[in-house]
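Protein chains: 2
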Amino acid sequence: MPDQKPVSTIVFDVNETLLDITTLEPLFARVFGDALVLREWFAELILYSQTMTLSGRYAPFGALAGGVLRMVGANKAVAVTDDDVAELKSLIGSMPAHPDVAPALRKLREAGFRLVTLTNSPPSPAPTPLEKAGIADYFDRSFSVDEVAQFKPHPATYQMVAGALDLQTDDLCMVACHLWDTIGAQAAGCQGAFLTRPNNNLIKAENVPQPHYLSDDLVDLAKQIIAANGG
Amino acid sequence: MPDQKPVSTIVFDVNETLLDITTLEPLFARVFGDALVLREWFAELILYSQTMTLSGRYAPFGALAGGVLRMVGANKAVAVTDDDVAELKSLIGSMPAHPDVAPALRKLREAGFRLVTLTNSPPSPAPTPLEKAGIADYFDRSFSVDEVAQFKPHPATYQMVAGALDLQTDDLCMVACHLWDTIGAQAAGCQGAFLTRPNNNLIKAENVPQPHYLSDDLVDLAKQIIAANGG
Chain A
3 MPDQKPVSTI VFDVNETLLD ITTLEPLFAR VFGDALVLRE WFAELILYSQ
53 TMTLSGRYAP FGALAGGVLR MVGANKAVAV TDDDVAELKS LIGSMPAHPD
103 VAPALRKLRE AGFRLVTLTN SPPSPAPTPL EKAGIADYFD RSFSVDEVAQ
153 FKPHPATYQM VAGALDLQTD DLCMVACHLW DTIGAQAAGC QGAFLTRPNN
203 NLIKAENVPQ PHYLSDDLVD LAKQIIAANG G
Chain B
3 MPDQKPVSTI VFDVNETLLD ITTLEPLFAR VFGDALVLRE WFAELILYSQ
53 TMTLSGRYAP FGALAGGVLR MVGANKAVAV TDDDVAELKS LIGSMPAHPD
103 VAPALRKLRE AGFRLVTLTN SPPSPAPTPL EKAGIADYFD RSFSVDEVAQ
153 FKPHPATYQM VAGALDLQTD DLCMVACHLW DTIGAQAAGC QGAFLTRPNN
203 NLIKAENVPQ PHYLSDDLVD LAKQIIAANG G
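Taken in sequence, the protein lines are chains A and B.
Under the working numbering, think of the first position of the first sequence as 3, with each following residue one higher.
Under the working numbering, think of the first position of the second sequence as 3, with each following residue one higher.
Structural data, given as C-alpha cells:
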C-alpha cells in the first residue's frame, strides 16, 4: 500500500470474524434437520438488516435475528418455537473465539496498533460476548451500530468509529470475514482486510471493491497489515 | 385502508413475482447437486446488491449475479465455469410467467389501474423478458433501477417511478413477493402488497413494516387492491 497512509487503528468485526458462529449449527441441525440452514438464516438476516437501513428503519439485531429465524422456518414449513428463538439468542451471546484470534490480536498489539471492535449486535450487559470468549482485554473500545441505528455497511457506522476516536476513516483498517463489510468500510475510506473463513469468499465483478489484504488465517492477515502499515 | 388515498398505479416487481425463477433450478441441481442452492444464491445476490447501494457503488445486476454465482461456488468448493454463468444469464432472460399473472393483470386493468414494472435487472434489448413471457402488453411502462444506479429497496428507485409518471409515491402500490421490496416501497410512501410465493414469508419483528395486502395468489391480491382502492 505505498500510496496509502499507514493506519493506526484496526477495527474488527465480531460475529464470525472473531467468534465462531458454527457453535449455532447444532440448533439448526435440530430445528431444520440440516446444520447448513445456518448459512441461509445468516444471509437473510444480513439482507434484511441492510433493507431496514436502506429504508430508514431500525430494529435491534437480536430482534431481527429471531424474526428472520421464524421466516426461514415458514419458508421451509418448519415450526420455530419461542424456545428455539431464545436458544438462538443465548448461543449468539456466548460464542467461543476462533483459535487464530488471540495470537493475531497479540501480534497487532505488540506492533503498536490500537484495536477496537464494531458489530451489528447491540451493546450487551457484562459479561459481554467478547469477555465470555476471553478476548475483551485486547480491545481499547467496542462499538455497536446501535449508536447510529444503522447497520453495516452504511458509511455512518465506520464514520462513527473514526469520529469517536478523533480519527479519519483512512486511519482505520476494517478486518472482517464478510465481503459486504470490507466493501462498505473501503467505500467509507478505510483500508479493508478480508478473512476468508469457511463459506466466505471474494466476489470478482465489475466495480466491486477488492480488499487490500486477503487470507484464510487471521495471524497471516495481521502480518500483512503490519508489513504494509509499519507498526 | 380508509386512511390512505386510493392509488392509481400498480408497480410490479418482475423476477420471481411475475416470472418463475424456479426454471433456474435445473442449472443449480446440475452445478451444485442441489436445486435449493438457487435460494442461497438469490439471497446472496440481493444482499450484495444492497451492499453496493449502501456503499455508493453500482454494478449491473447481471454482472453481480454471475460474480455471486462464482462466490457461492467457492463457498461450496464447486467449480463454476464461464458456461455456467452464461447459462444462468440466458435462463434469467427467458423465464415464463406464473399462471396467476395474466388473470391478475387483466383484472387490475379492467378495474382501471395503470400497470408498470420496476426491476433490479437492467433494460434488455427486444424481445425483453416480459415480451418473451407474453405479458408485456399489460404494462404501460417498464422501469429499471439502472436509471438511478441504485438497487431496490433504496427510496430513489420508487421515487424515480413516481417522478417519471408525474405522480407522488402515495399514488403507487408496489406488488412483490420479496418483503425487502415492500418494506422499502412502503418506507418511500407507496402502498405495499406482498405475494407469498413459495420460500417467501413475512418477518414479524419490531419496526419491520407489515404489508397492506397479503396473499399467496396474485389474483386474490389483485382483488384486495381493487377492493381497497376503488377501481
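C-beta: ideal position from N, C-alpha, C; glycine also.
In the three-state reduction of the DSSP assignment, A:M97 falls in the coil class, being assigned neither a helical nor a strand state.
The region 9-82 of chain A is shown to contain whole alpha helix (DSSP H) runs of 4 or more residues at 27-34, 39-56, 63-77, in chain order.
One Cα belongs to B:G75, the other to B:A37, and the distance between them is close to 13 angstroms. Ranked by how close their Cα comes to the Cα of A:N77, the residues B:G68, B:V118, B:Q226, B:D218 have B:D218 in first place.
Residue contact with chain B for A:A45: present (Cβ-Cβ distance below 8 angstroms to some residue of chain B). Ranked by how close their Cα comes to the Cα of B:A207, the residues B:I227, B:T198, B:L181 have B:L181 in first place. Here DSSP, grouped into helix, strand and coil, assigns A:Q193 to strand. At least 8 angstroms separates the CB of A:R199 from every CB of chain B. The criterion of a C-beta distance shorter than 8 angstroms is not satisfied by A:D102 and A:L26. From the beta-carbon of A:G58, the residues of chain B found nearer than 8 angstroms are P157, A189. Going by beta carbons, A:L66 and A:W43 fall outside the 8 angstroms limit.
The C-beta distance from B:V13 to B:L174 rounds to 5 angstroms, short enough to meet the 8 angstroms contact threshold. Of the residues A:Q161, A:H100, A:R116, the one whose Cα lies closest to the Cα of A:A135 is A:H100.
In the DSSP secondary-structure assignment, A:S144 is bridged to A:T119.
Against chain A, the beta carbon of B:I185 has neighbours under 7 angstroms at T53, S57, listed in chain order.
Separation of the CB atoms of B:P8 and B:N202 is rounded to 27 angstroms, and the pair is thereby denied contact status at 8 angstroms. Within 10 angstroms of the beta-carbon of A:A166 lie fewer than 16 other beta-carbons, which makes it exposed.
B:T53 is a Cβ neighbour of A:G186, given a cutoff of 8 angstroms. Counted as a single uninterrupted DSSP element, the stretch harbouring B:L107 is not any beta strand (DSSP E) but the alpha helix (DSSP H) occupying residues 103-112. In this structure, the beta-carbon distance from A:N122 to A:K154 falls below 8 angstroms. Interface residue (Cβ-Cβ distance to chain B less than 8 angstroms): A:G194 is not classified as such. Collapsing the DSSP output to three states places A:A128 in coil. Counting of Cβ neighbours within 10 angstroms places A:T19 among the buried residues, the total reaching 16 or more.
Taking C-beta atoms as the reference points, B:N17 and A:Y60 fail to come closer than 8 angstroms. Within the DSSP secondary-structure output, A:Y215 pairs in a beta bridge with A:A195. For B:I48, at least one C-beta of chain A is nearer than 8 angstroms to its own C-beta.
Look at B:A178 here: in three-state DSSP terms it is strand. For B:G165, the uninterrupted alpha helix (DSSP H) run begins and ends at 157-166, by DSSP. Contact check for A:Q161 and A:A190: beta-carbon distance about 6 angstroms, within the 8 angstroms limit, so the pair qualifies.
The alpha-carbon of A:D86 is positioned some 29 angstroms away from that of A:L56. When CB distances to chain B are screened at a threshold of 9 angstroms, the residues of the region 200-211 of chain A falling below it are P200, N201, N202, N203, L204, I205, K206, A207, E208, N209, V210, P211, in chain order. Less than 8 angstroms separates the beta-carbon of B:L110 from that of B:A224. Going by C-alpha positions, A:P211 is about 24 angstroms away from B:V80. At a Cβ-Cβ threshold of 8 angstroms, B:D142 and B:V118 count as neighbours.
When C-beta distances to chain A are compared with 8 angstroms, the residues of the region 24-43 of chain B below that value are R41, E42, in chain order. Within the same chain, and ignoring the five residues on either side of B:H156 in sequence, the residues whose Cβ sits closer than 6 angstroms to its Cβ are T55.
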